[in-house]
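Visitor:
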């Protein structure tokens, strides 16, 4: 039987990102799409959440002709240039990680090799002084990148912070404008076919919606996927410290251009800023620290915080029979720089390429799950590097691939490119450089370059970035002007 | 702690692998205190197959700073737009695996999906009509691809047919000019230190050659990596059962074709490689299903021109050493493994090993992470080429001989089985970035050998059949027009390889099998 109708079930950002992607891709293809929107409840959604969107999301926005200024104005959005990591390697040490490439390559050799060689002899500042975005971020400044490749500003990359509920609502409008059939009701169960696949979804009022293929965007509950037997979960409980998560929104006028990531003795935390406030996501060990104690440690009012148990990890068979899970229904990521939305876009593209022509397409499911699993392992390894020199009791367990990656970087300053990587190489480099996993040796080609010359160039870059950053507009002023221009 | 630099590199063996390595290292270390010495013996013949190359070789030559036309004159080279496979999927079938794209992507969806959609609606045209390489090759034409990426003429790339022994000679001169020292002699003994690292080679005349890093280019003999270090060989001959070849050069007849021929025979296949001054011929076969005499008979019967030399018999086994780098020794070329020359990958595998050696260039500490990284990457290269080669044998409807029945029915690697299943269902080609053969190549062989997907990417439905038919027609005639305007291969050779044309501007090479245009 061919796939003629796909039903997407869920709510929030996951649902609407998925629906918009699929609608655009499948319009005119003969495959009918409909959406079942579930009411939001405590289990499915994080109240007042914020999405940090990486530069890659801008491609998605362009594809859907989303005007950035309009988007920002409708989602309380702000720009981000960097992640500000504080206390991850040493108590008072902080590091700014941006999306761009640090420094400048000389003679085809990457900058971090030169940095490694000259760090001591030239008393170079922290590695993040060699990123323009980082220098701008440290001064609370922002500007859009220039298209002209000759401009120093062309190297900038930026992300966005948007309020999750508003972002979902915004994308929803885009989906509705395309005439997609939408039902709103609660999920109450499914009816299966003889082969164990899902035949129909039953909603609260007893009505049934049939489809050939089902997309599960129901968040952590994985409502559809969990209806199928033998879906295994891979837990990262032994990888990342903490088993409980807390959320809190705090009104505030200040809009920094960074996302703060804090590592404290008993918890770690992300602080995302949008217009009007800050959103705190805190992970801690519920057996060591009570909810009240955490609130006290943070110096916040426990009443204003929500708490849940958390287990990071993913579903091994996220595509199983005629169900595929996207977003949090498939993977629950720790609150660090790459968020679910970035992965979601990539996963949807892979799904589209494999879009089954028959309901029981095991080969596609196998291939998709293989790709998705590789992607989660890549992100997991990337996240693990944040905790290598952390003061938490638990030492993370390293995969063989990560052990090799770290050894090769330590021994030679080298990284092997990964097939179809999600995380760009410059971000691996800045992460390892910033998190005390610096190389012990550098590329021997560095010694072939004229020392005097290179020293001067390194100094000049540092100065140029600092001076350029100083001249950029303040983030708040820039944002205000940017939105005013469009609204007016 | 700074690692101690390698000061002396010793290369063993002076065939194509040895002199390519010497040239690349010589160029790379020019003016550096690191010295390079190559040991070879005039009394040891080189294998010298691999006269057909891939477009990547142009990148190698350009990195060395060789003038392409000069190189062609020196090696009697001709141009190559692809490989024609005949009788593979079925007797009397033929297709060309081109160094180029078919059409181009529309709405993030590969061109072949659109072609499949049209085909399902009754369209009967071949996908070849949308490959500029195939159309030009069939007409016997050749021209450089365009540098303008918006131009259809940039949708292909090209390689060469060359005389490998002349190429080695040419690179020897080049290497010696770059300061590489050549030493005549046979290695009789390999001395190692307590940690097992090679320290010294003893030659037949008693000479001792010391080194920090040893590159084993000794061919099938694998003097260092095999004999001395005992690196394990992983046997792939159950998937690629051909284990012998017989080669004969002949006089050329007619104008040289701008492509290699790979003609399937009863228990193997025959190559035909046109050079400027002669044609290279050979017959690769499986000794389990065919005797040497039969193999030679078949080859002789199917020669176009008069033989220029006695037949040369070769023996080999498909497979790969699990570690091509062990301790302070790196194997490059046949010493590292063997995959039959069906897709002209021999010289490519040498080139990629050299490229990776430079990328992973060690210090005297030979850190384990570095060695592991190199081995991991080379293994992936070999395995991905391997799967692609097996596809040629396995994707067949031939049942006319025992050999072809074996190939059709044999178990194949799971990685390949999965790829084929996915293509059969909807034309999906497993995506990767590391590796030689990407989507256009897989599509060429699948379709060329009769694997037609049951369906296509549903996004191709966004283009209506009428619109699609019109698009295909326009695309076809445009491709045709460009191919027609190209000079013949012989004209292109005469012009480009003339003395006055040395130093002329040549399209920039890239490390890709296909053109720059997507």
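Chains as they are written, first to last, in the working numbering: chain D, 1 to 488; chain F, 489 to 1006. Virtual Cβ for every residue (Gly too), placed ideally from N, Cα, C. Owing to the predicted nature of the structure, the values given are computational and were not obtained by experimental measurement.
Under the DSSP definition of a beta bridge, which residues are partnered with residue 499 (chain F)?
Guide: Looking up residue 499 (chain F) in the second chain gives position 11. In the DSSP output, where bridge partners are listed per residue, residue 499 (chain F) has F:526 and F:703.
Visitor: Could you tell me which chain D residues have their CB closer than 7 Å to the CB of residue 916 (chain F), listed as they occur along the chain?
Guide: By one-based count along the second chain, residue 916 (chain F) stands at place 428. Neighbours of residue 916 (chain F) on chain D, chain order: 353 and 354.
Visitor: Along chain F, in chain order, which residues have C-beta atoms closer than 8 Å to that of residue 492 (chain D)?
Guide: Outside the shown range of chain D, which is 1 to 488, sits residue 492 (chain D), and nothing can be said about it.
Visitor: Tell me, which residues are paired with residue 803 (chain F) by DSSP?
Guide: If you number the second chain from 1, residue 803 (chain F) lands on position 315. Looking at the DSSP assignment, residue 803 (chain F) forms a beta bridge with F:732.
Visitor: Taking the beta carbon of residue 761 (chain F) as the centre, do at least 16 other beta carbons fall within 10 Å, making it buried, or is it exposed?
Guide: Stepping through the second chain from its first residue, residue 761 (chain F) is reached at position 273. Classification of residue 761 (chain F): buried, given that the 10 Å Cβ count is 16 or more.
Visitor: Where residue 843 (chain F) and residue 512 (chain F) are concerned, what is the direct C-alpha to C-alpha distance, given to the nearest angstrom?
Guide: The count along the second chain starts at 1 and reaches residue 843 (chain F) at position 355. The count along the second chain starts at 1 and reaches residue 512 (chain F) at position 24. So the alpha carbons of these two residues sit roughly 9 Å apart.
Visitor: Express the C-alpha separation of residue 673 (chain F) and residue 696 (chain F) in angstroms, rounding to a whole number.
Guide: Within the second chain, the letter at position 208 stands for residue 696 (chain F). Within the second chain, the letter at position 185 stands for residue 673 (chain F). Between residue 696 (chain F) and residue 673 (chain F), the C-alpha separation is close to 11 Å.
Visitor: Smallest Cα separation from residue 659 (chain F): which of F:622, F:936 and F:554?
Guide: Here residue 659 (chain F) is taken as the residue at index 171 of the second chain, counted from 1. Closest by alpha carbon: F:554.
Visitor: Taking residue 106 (chain D) and residue 395 (chain D) to be in contact with their CB atoms under 8 Å, please state how far apart those CB atoms are, rounded to whole angstroms.
Guide: On the first chain, position 106 is the one that residue 106 (chain D) refers to. On the first chain, position 395 is the one that residue 395 (chain D) refers to. About 37 Å; that fails the 8 Å criterion.
Visitor: Under a three-way DSSP split, which group does residue 684 (chain F) fall into?
Guide: To locate residue 684 (chain F), count along the second chain from 1; it is residue 196. Coil.
Visitor: Helix, strand or coil: which one does DSSP assign to residue 247 (chain D)?
Guide: Your numbering for residue 247 (chain D) matches position 247 in the first chain. Residue 247 (chain D): strand per DSSP, three-state reduction.
Visitor: For a contact defined as C-beta to C-beta under 7 Å, what are the partners of residue 693 (chain F) on chain D?
Guide: Sequence index remark: in the second chain, residue 693 (chain F) carries index 205 (1-based). Here the premise fails: no neighbours, minimum Cβ distance about 34 Å.
Visitor: Give me the residue from D:32, D:471, D:170 and D:323 with the minimum Cα distance to residue 495 (chain D).
Guide: Lying before the first or after the last residue shown, residue 495 (chain D) is absent from chain D, which here runs from 1 to 488.
Visitor: Starting from residue 909 (chain F), find everything on chain D with Cβ-Cβ shorter than 8 Å and list it in chain order.
Guide: Here the question's residue 909 (chain F) lines up with position 421 in the second chain. Those within 8 Å of residue 909 (chain F) in chain D are 363.
Visitor: If the cut is a Cβ gap below 9 Å, which residues of chain D does residue 946 (chain F) touch?
Guide: As a working note, residue 946 (chain F) is residue 458 in the second chain. Here the neighbours are 3, 25, 26, 29, 30, 31, 352, 355 and 357.
Visitor: Give the DSSP-derived three-state secondary structure of residue 418 (chain D) in the structure shown.
Guide: Walking along the first chain from the start, residue 418 (chain D) turns up at place 418. The answer is coil: DSSP assigns residue 418 (chain D) none of H, G, I, E or B.
Visitor: By DSSP's criteria, residue 737 (chain F) is part of a beta bridge. Which residues make up the other side?
Guide: Residue 737 (chain F) sits at position 249 when you count from the first residue of the second chain. Answer is F:768.
Visitor: Could one say the Cβ of residue 113 (chain D) lies closer than 8 Å to chain F's Cβ atoms, at least one of them?
Guide: In the first chain, counting from the first residue as 1, residue 113 (chain D) sits at position 113. Cβ-Cβ to chain F under 8 Å: no for residue 113 (chain D).
Visitor: Between residue 202 (chain D) and residue 893 (chain F), what straight-line distance do the alpha-carbon atoms span, to the nearest angstrom?
Guide: Numbered from 1 along the first chain, position 202 holds the residue referred to as residue 202 (chain D). Numbered from 1 along the second chain, position 405 holds the residue referred to as residue 893 (chain F). For residue 202 (chain D) and residue 893 (chain F), the distance between alpha carbons rounds to 52 Å.
Visitor: In chain F, what lies closer than 7 Å to residue 411 (chain D) by C-beta?
Guide: Mapped onto the first chain, residue 411 (chain D) falls at position 411. Correct list: 855, 857 and 858.
Visitor: Would you say residue 708 (chain F) faces chain C, with C-beta separation under 8 Å as the test?
Guide: The structure shown contains no chain C; the protein chains it does contain are D and F.
Visitor: Would you mind working out which of F:837, F:849, F:888 and F:884 sits nearest residue 867 (chain F), comparing C-alpha positions?
Guide: Here residue 867 (chain F) corresponds to residue number 379 of the second chain, with the count starting at 1. Of the listed residues, the one whose Cα sits closest to residue 867 (chain F) is F:837.
Visitor: Using 8 Å as the cut-off, can you tell me whether the region 132 to 145 of chain D makes contact with the region 468 to 480 of chain D, which would need three or more C-beta pairs spanning the two stretches below that distance?
Guide: They touch, by the three-pair rule.
Visitor: By the three-class DSSP mapping on this structure, what secondary structure does residue 384 (chain D) have?
Guide: Locating residue 384 (chain D) in the first chain gives position 384, counting from the first residue. Residue 384 (chain D) falls in the helix class under three-state DSSP.
Visitor: Below 8 Å, how does it come out for the region 620 to 634 of chain F and the region 383 to 392 of chain D: are there three or more Cβ pairs, yes or no?
Guide: Judged by Cβ distances under 8 Å, the region 620 to 634 of chain F makes no contact with the region 383 to 392 of chain D, as fewer than three pairs qualify.
Visitor: Leaving out the 5 sequence neighbours to the left and right, which residues in its chain are closer than 6 Å to residue 859 (chain F) when beta-carbon positions are compared?
Guide: Sequence index remark: in the second chain, residue 859 (chain F) carries index 371 (1-based). Closer than 6 Å at the Cβ level, and outside the excluded window around residue 859 (chain F), lie 813.
Visitor: Could you give the DSSP three-state label for residue 16 (chain D): helix, strand or coil?
Guide: The count along the first chain starts at 1 and reaches residue 16 (chain D) at position 16. The answer is helix: DSSP assigns residue 16 (chain D) an H, G or I state.
Visitor: In chain F, which residues lie less than 7 Å from residue 463 (chain D) when you measure between Cβ atoms?
Guide: Here residue 463 (chain D) is taken as the residue at index 463 of the first chain, counted from 1. Within 7 Å Cβ-Cβ: nothing; residue 463 (chain D) doesn't reach chain F, min ~28 Å.
Visitor: Where does residue 908 (chain F) fall in DSSP's three states?
Guide: Within the second chain, residue 908 (chain F) is the residue found at index 420, counting from 1. Correct three-state label for residue 908 (chain F): helix.
Visitor: Any beta carbon from chain D within less than 8 Å of residue 851 (chain F)'s own beta carbon?
Guide: Taking the second chain and counting its residues from 1, one reaches residue 851 (chain F) at position 363. With 8 Å as the cut-off, residue 851 (chain F) counts as an interface residue toward chain D.
Visitor: So with Cβ pairs under 8 Å, would you call residue 683 (chain F) a contact of chain D?
Guide: Mapped onto the second chain, residue 683 (chain F) falls at position 195. No, residue 683 (chain F) lies away from the interface with chain D (no Cβ there is under 8 Å from its Cβ).
Visitor: Does the distance from the C-beta atom of residue 941 (chain F) to that of residue 912 (chain F) stay below 8 Å?
Guide: Walking along the second chain from the start, residue 941 (chain F) turns up at place 453. Walking along the second chain from the start, residue 912 (chain F) turns up at place 424. It is a contact, given that the beta carbons lie within the stated cut-off.
Visitor: Starting from residue 97 (chain D), follow the beta strand (DSSP E) in both directions and report where the run begins and ends.
Guide: Residue numbering aside, residue 97 (chain D) sits at position 97 when the first chain is read from its first letter. Its beta strand (DSSP E) spans residues 94 to 98.
Visitor: Tell me whether residue 778 (chain F) is buried or exposed, calling it buried when 16 or more other Cβ atoms sit within 10 Å of its Cβ.
Guide: Numbered from its first residue, the second chain carries residue 778 (chain F) at position 290. Buried, because 16 or more other Cβ atoms sit within 10 Å of the Cβ of residue 778 (chain F).
Visitor: For residue 589 (chain F), which of F:928, F:962 and F:774 has the nearest alpha-carbon?
Guide: Translated into positions along the second chain, residue 589 (chain F) becomes position 101. Of the listed residues, the one whose Cα sits closest to residue 589 (chain F) is F:928.
Visitor: Taking Cβ-Cβ distances shorter than 9 Å, what residues in chain F pair up with residue 420 (chain D)?
Guide: Working through the first chain from its first residue, we reach residue 420 (chain D) at position 420. 919, 920 and 921, listed in chain order.
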